[in-house]
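As structure tokens, the structure follows; a few thoughts come after it.
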Amino acid sequence: MSTVFIAFQTNEETRPIIEAIVEDNPHARVNEAPAMVKIDADGRLIVKRSSIEERLGREFDLQELHINLISLSGNIEEDEDQFVLVWKN
Amino acid sequence: MAVAAIREYSFAPLDLEEKFHGNRLLYVGWDDHLMFCAPLAFPLPPTMPFRDLVEKVLPPAYSYHPDFARIDWAAVQWFKSGQPWQPQWDESLEQNGLRHKDVIRFRTPGLTGLQGSCS
Amino acid sequence: MDMQVAKKKLGLKEKYQVMTRDLDWTPTYQKMEDIYPYVHYEGIKIHDWDRWEDPFRLTMDAYWKYQAEKEKKLYAIIDAYAQNNGHLNVTDARYINTVKLFLTGVSPLEYMAHRGFAHVGRAFPGLGPRVACLMQSLDEMRHLQTQVHAISNYNKYYNGFHDFRQWYDRVWYLSVPKSFFDDAITAGPFEFMVAIGFSFEYVLTNLLFVPFVSGAAYNGDMGTMAYGFSAQSDEARHMTLGLEVIKFILEQDPDNLPIVQRWIDKWTWRGYRVLTLVAMMMDYMLPKRTMSWKEAWEIYFEENGGALFRDLSRYGIRMPKCAETIALEKDHLSHQAWCTFYNYTAATAFHTWIPTEDEMQWLSAKYPESFDKYYRPRWDFWREQAAKGNRFYNTTLPMLCQTCQVPMLFTEPGDPTKICYRETDYEGMKYHFCSDHCKEIFEHEPEKYVQAWLPVHQIYQGNCFPEGTDPTAEGFDPLKAVLQWYNIVHGRDNLDFEGSEDQRNFAAWRAQATRNV
């Protein structure tokens, strides 16, 4: 199966985001590199607004992801509540 | 095929022979000696005897390599555009059929670079 | 004063519709083909521009908001780094040469990308791609500016940073990235999008930015890390635009497939050849290595690109055909490239050096099939000679590939002991190439590539000396004249790192930073 990934800068803003992604994607693998965290997952990866908000204790707009995003791979399906990366094969 | 363009597309090449002030380009490669990372480019007069290429032009370019002094030039195999080729040493580059931007290579039997690594 | 008006908040899709698509209008007193004259001649057929889907649905107001936030973060870090003399915390002064390479070889491409996306954005009749291209154009300008700002701090202390703009137009090895981008920007709007938006941004950019930037962080360069990751945060959007463009074009008309496939084949190869610089940076120039070029290639191209092309196979797209050649080069590319710069560092605006014994062991472990067998003997010999004061400088200019403009340093696919020579005749003149792929690119559009400004040929034509130079004068030194024309100071900006002013200054300043002198 094809791997999708998303990579963020390592900092205090991304820590709760990464924690939320890891919890919502039990099949995901976390790779820590200097100053960055890359999360790989077979086929599909979901980022849920509610899980991030729970950790942050405030409202979160998924477009805030852009600020610390380094790279990603996969087709994107996005609405207000979730951001999904997926390969259709 | 031709370039897709919105109108006629035609421009002169940048490297015509007449732009080299009487010289023409000759590329030379020494097989199995990749310490010299790429073939070399020389602007040379077409009247230059082939002997001068070997005896005057190549030594400053290649003599840093310990193999260069050991070359038996009588045994060297020459190639032009990849095909075996026999230069006449006392004829000019022109008489030897070398045109602008031709590429020649030489192989030195028994010499295959530093510790035989083709370096 | 804040207006306290309760408004219904628009959803993401609704907001994108109102603030992007609804801004468009249909012209009434001008013809569409007069307003958009460049959308047909490449042969790409688009029937319905409204089918364009922008996956991020970013509107201009949100764009400004998030970009402003990125800039604030970035400048806070850059200022702190400069204020604290952060440059003295990098692993060792050799590292700084990677920043020189970045500023001279990559930053000018950001500016060209800014121009390119502004141009193609204007050329597309669809509003979705136009807005996405506008944002990317602005991003690219921001990248150039932040890179120049951040790196200007190094220019206060080190050599090789003082004239990047002129070097981009003149210096031999920078003709490789320059000609790559000039090729793209002189193509039509669709080819540019496939070239830069898809092949470069989506398929190859991870290999450029992630190792460079993660490598910078690993080597203590917070400034480069900051501008690199700030740029990279835009990159995810660019990649998505690139992928969207491909899907959109392919969904519009089946006749588009062969054209797009040919562009993907061409531009993956063109971009890969430019990345030769990155390969040697990763394996030779970073004092602390993050991963080898080969490992990065396997993760970001073979694994990730493999997934991408499997996904696109539903449109009939296949893996670029150069992938097989590249797989054969991955054990050799960085070694051959660094050897080349070691040969010709008398004419570079950065320093080169012989890897240390530790570093050679790392190379040997990462490249068990190739390093000891083919490359270590060179380094051992050069090291021996350098110790005797006989450092190797290749003083004869190399033969270049007509298409990629890289010296003909690449070996036959599958035989690392033989240089790969390819040639063709066109209108009575010979043209030479480093590979089947560069030859094929030339043969498809020879009228374009006969115009190539090949640095070696330009030097021999006498076009690279300061005005008023007489090359027939007694004792004329062509290298000296070329360096003057480049504005590279001989003995200061070029040559080996060992014995350089950078090396001496860094050692002296670092000593001052740790002792009371």
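Residue numbers (this note's numbering), protein chains in the order written: chain A, 1 to 89; chain B, 1001 to 1119; chain C, 2001 to 2517. No residue lacks a Cβ here, since even glycine has one placed at the ideal position from N, Cα and C.
For C:P2320, DSSP assigns no beta-bridge partner whatsoever.
DSSP places A:T3 inside the beta strand (DSSP E), whose first and last residues are T3 to Q9. Secondary structure remark: continuous alpha helix (DSSP H) runs of at least 4 residues inside the segment 2440-2475 of chain C, in chain order: 2446-2449 and 2455-2460. Shown here for C:F2309: same chain residues with a beta carbon closer than 6 angstroms to its own, the five before and five after excluded, namely M2319 in chain order.
A Cβ-Cβ separation of about 27 angstroms leaves C:F2161 out of contact with C:Q2136 under the 8 angstroms criterion. Not a single C-beta of chain C is nearer than 9 angstroms to the C-beta of A:S50. Taking a Cβ-Cβ threshold of 8 angstroms, the residues of chain B close to C:H2432 are Y1027, K1101 and V1103, in chain order. Following the DSSP letters along the chain, one finds C:D2183 in no beta strand (DSSP E) but inside the alpha helix (DSSP H) bounded by residues S2175 to I2185. Around the C-beta of C:K2266, 16 or more other C-beta atoms lie within 10 Å, and the residue is accordingly described as buried.
The three-state secondary structure of B:Q1077, taken from DSSP, is strand. In terms of Cα proximity to C:K2045, the closest of C:R2142, C:I2259 and C:L2174 is C:I2259. Restricted to the segment 2057-2084 of chain C, the alpha helix (DSSP H) segments that are unbroken, complete and at least 4 residues in length are 2060-2083, listed in chain order. For the 9 angstroms CB-CB criterion, C:D2493 and A:W87 do not form a contact. Secondary structure note for C:P2211: its alpha helix (DSSP H) is the uninterrupted segment T2205 to Y2218.
For a cut-off of 8 angstroms, the C-beta gap from C:F2181 to C:M2112 is around 4 angstroms, short enough to register as a contact. Beta-bridge analysis with DSSP links C:F2433 to C:R2422. When 7 angstroms is used as the limit between beta carbons, C:F2392 is near these residues of chain B: Y1064, in chain order.
Its chain contains L2241, G2242 and V2245 as the residues whose beta carbon lies nearer than 6 angstroms to that of C:G2197, once the 5 sequence neighbours on both sides are disregarded; these appear in chain order. For the options C:Y2315, C:W2269 and C:L2363, the alpha carbon positioned closest to that of C:S2292 is the one of C:L2363. Of the residues assessed, C:T2403 falls on the buried side of the cut-off, its CB having 16 or more other CB atoms within 10 angstroms. Taking the C-beta atoms as reference points, C:F2497 is found nearer than 9 angstroms to C:N2097. Counting only Cβ-Cβ distances below 9 angstroms, B:G1110 has no contacts in chain C at all, with the closest Cβ about 15 angstroms away.
In this structure, C:Y2284 keeps its C-beta atom at 9 angstroms or more from the C-beta atom of C:S2214. Per the C-alpha coordinates, the member of B:W1030, B:L1026 and B:W1089 positioned closest to B:I1071 is B:W1030. In this structure C:T2424 does not touch C:E2412 by the C-beta definition: roughly 17 angstroms separates them, more than the 8 angstroms allowed. Under the Cβ distance rule, B:L1016 counts among the residues neighbouring chain C, one pair being separated by less than 9 angstroms. In this structure C:E2447 is in contact with B:A1002, their Cβ atoms being roughly 7 angstroms apart against a cut-off of 8 angstroms. For the 9 angstroms CB-CB criterion, C:L2479 and C:T2345 do not form a contact. Cβ proximity to chain A below 8 angstroms picks out L2308, R2310, D2311, S2313 and R2314 from the segment 2308-2324 of chain C. Taking C-beta atoms as the reference points, C:A2226 and C:K2072 fail to come closer than 9 angstroms. For the options C:K2247, C:L2208, C:M2222 and C:W2485, the alpha carbon positioned closest to that of C:Y2315 is the one of C:K2247. In the structure shown, B:A1012 adopts coil according to DSSP, grouped into three states. Rounded to the nearest whole angstrom, the CA to CA distance from C:L2134 to C:A2507 is 46 angstroms. Under the three-state reduction of DSSP, C:V2489 is assigned to coil, being neither helix nor strand. Among the residues of chain A, those whose CB is under 8 angstroms from the CB of C:M2225 are A35, following chain order. The beta-carbon of B:K1056 is placed no less than 9 angstroms from the nearest beta-carbon of chain C.
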